[in-house]
Amino acid sequence: MRDGAAIMAYEARHTSGAYPQRPIAIVRGRGVQVFDAHGKAYLDMTSGQGVAILGHGHPAVVAALERQARRLITCPEIFFNDQRAALYRELVACLPPGMERIFLCNSGAEAVEGALKLARLLTGRRRVLAMRRGFHGRTLGALSATWEPRYRGAFEPLLDGFHHLPFNDLQAAQAAIDGETAAVLMEVVQGEGGVHAAQESYLRGVRALCRERGALLILDEIQTGMGRTGRWWACQHYGVVPDVICLGKGIAGGLPMGVLAWRGELGGFSRGAHGSTFGGNPLACAAARGTLGALKEGQLPERAASLGAWFMERLRGIDHPMVREVRGLGLMIGLQLRRRVTPVLQALMGHGVLALPAGRTTLRLLPPLVVEKGDLEVAATAIEAALEEVYHA
344 MRDGAAIMAY EARHTSGAYP QRPIAIVRGR GVQVFDAHGK AYLDMTSGQG VAILGHGHPA
404 VVAALERQAR RLITCPEIFF NDQRAALYRE LVACLPPGME RIFLCNSGAE AVEGALKLAR
464 LLTGRRRVLA MRRGFHGRTL GALSATWEPR YRGAFEPLLD GFHHLPFNDL QAAQAAIDGE
524 TAAVLMEVVQ GEGGVHAAQE SYLRGVRALC RERGALLILD EIQTGMGRTG RWWACQHYGV
584 VPDVICLGKG IAGGLPMGVL AWRGELGGFS RGAHGSTFGG NPLACAAARG TLGALKEGQL
644 PERAASLGAW FMERLRGIDH PMVREVRGLG LMIGLQLRRR VTPVLQALMG HGVLALPAGR
704 TTLRLLPPLV VEKGDLEVAA TAIEAALEEV YHA
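The letter at position 176 of the sequence shown is residue 519 when you use the numbering used here, and the numbering goes up by one with no holes.
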């Protein structure tokens, strides 16, 4: 099926209705670009919602998939496997120190679900503290930790024992973390909530409170991990090592994978306490190994730091009254507007650029880490044009 209108019509007829779909049919990708059914190119400043961290069709990922697909696609964790063992070794080498236990699954939301179960299992406690504006996924446990009422409302009552604290308010954390708290769960940079970064004093303070009161600190690095913010893990900017870390999105270069990792001395799941049919399959493990290798070889986390700093300064130079603030870390950037962002996202498509929202008024930019400065300039110019088109300075 190659006709764009036919693709959209057929998909619209049968889709679940869960997604607010944009009127283009993407059929191909290469590097930082994707192409619609008519051959029009778009600069993908979404990385497929943060997943295509190496861009589309990266040779390292493609080669790893081709080799492994011919050899062995699936192997559950009731058996040992060479690709899984090698991935464990390579992950442990780049994770924060002491994180030597790993559970492999299929998405970031699944990693969060596993982290919540692990925290309750290891501490014997039930209370979980999460953050206002935080987003951790749409499965019931992850949704219980997610704050936004429009995601939660239709599915309540959710799981008991979840409470939401104001982000970057250490006094509130000090009052809330107690002997009944199993875990504090937070993003280092809130993505869906508007690209808000934790303050160093806050994150360090919560780390100390968790250690003092026997609660686990769970960091959701699903969007911020894999070099996105200019370090391998965003917590490294703060010198903080969590008890548990959740990974997903770009970990396997575009294939479905989630990772839950935690400090080895905490222990592990009891036999049968958790599981995943497809988790840790050799195909996804091979893709993840290819992704890790390419990130290291290209020094892409370091590159994200320098390009991100340049790009934020370029965006701060946009002289338009609708721009309230530019914030972010590395190549995770939010452009907050004074009005709704949706019309600007729509106008950007007309200029050949794809971007994301982060709440109702923030434009979120998550380019692949292989992006060039020239691509970022194209995106900035398109944003200027879209703002002018929509809001007529």
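Heads up, the beta-carbon is just placed ideally off N, CA and C, and yes, glycines get one too.
Remember, predicted model here, so these are calculated numbers, not experimental data.
- Pairwise C-beta distances place the region 568 to 587 out of contact with the region 422 to 431, as fewer than three of them are shorter than 8 angstroms.
- By the C-beta criterion, the region 645 to 662 is judged not to be in contact with the region 448 to 466, since fewer than 3 inter-stretch pairs fall below 8 angstroms.
- Restricted to the region 537 to 610, the alpha helix (DSSP H) segments that are unbroken, complete and at least 4 residues in length are 543 to 556, listed in chain order.
- Between residue 401 and residue 551, the alpha-carbon positions lie close to 41 angstroms from each other.
- A distance below 8 angstroms separates the beta carbons of residue 365 and residue 692.
- If you compare the alpha carbons of 546, 430, 531 and 385 with that of residue 574, the shortest gap goes to 531.
- With a beta-carbon spacing of about 4 angstroms, residue 596 and residue 404 fall inside the 8 angstroms limit used to define contacts.
- With contacts defined as CB atoms closer than 8 angstroms, residue 576 and residue 439 qualify as a contacting pair.
- In the three-state reduction of the DSSP assignment, residue 666 falls in the strand class.
- Judged by DSSP secondary structure, residue 445 falls within the beta strand (DSSP E) whose first and last residues are 442 to 448.
- Here DSSP, grouped into helix, strand and coil, assigns residue 531 to coil.
- Counting C-beta pairs closer than 8 angstroms gives three or more between the region 499 to 519 and the region 470 to 478, which meets the contact rule.
- Short of 7 angstroms from the beta carbon of residue 655, and not among the five residues preceding or following it, lie these beta carbons of its own chain, in chain order: 669, 671 and 676.
- Closest option to residue 540, judged by alpha-carbon separation, among 470, 556 and 562: 562.
- Buried is the label assigned to residue 592, since at least 16 other Cβ atoms lie within 10 Å of its Cβ.
- Between the alpha carbons of residue 704 and residue 536 lies a gap of roughly 10 angstroms.
- Under a 10 Å Cβ-count criterion, residue 498 is classified as exposed, with fewer than 16 other Cβ atoms of the shown protein chains found around its own Cβ.
- For residue 700, the secondary structure class from DSSP, reduced to helix, strand or coil, is strand.
- Using a 10 angstroms sphere on the CB of residue 629, the tally of other CB atoms reaches 16 or more, which defines it as buried.
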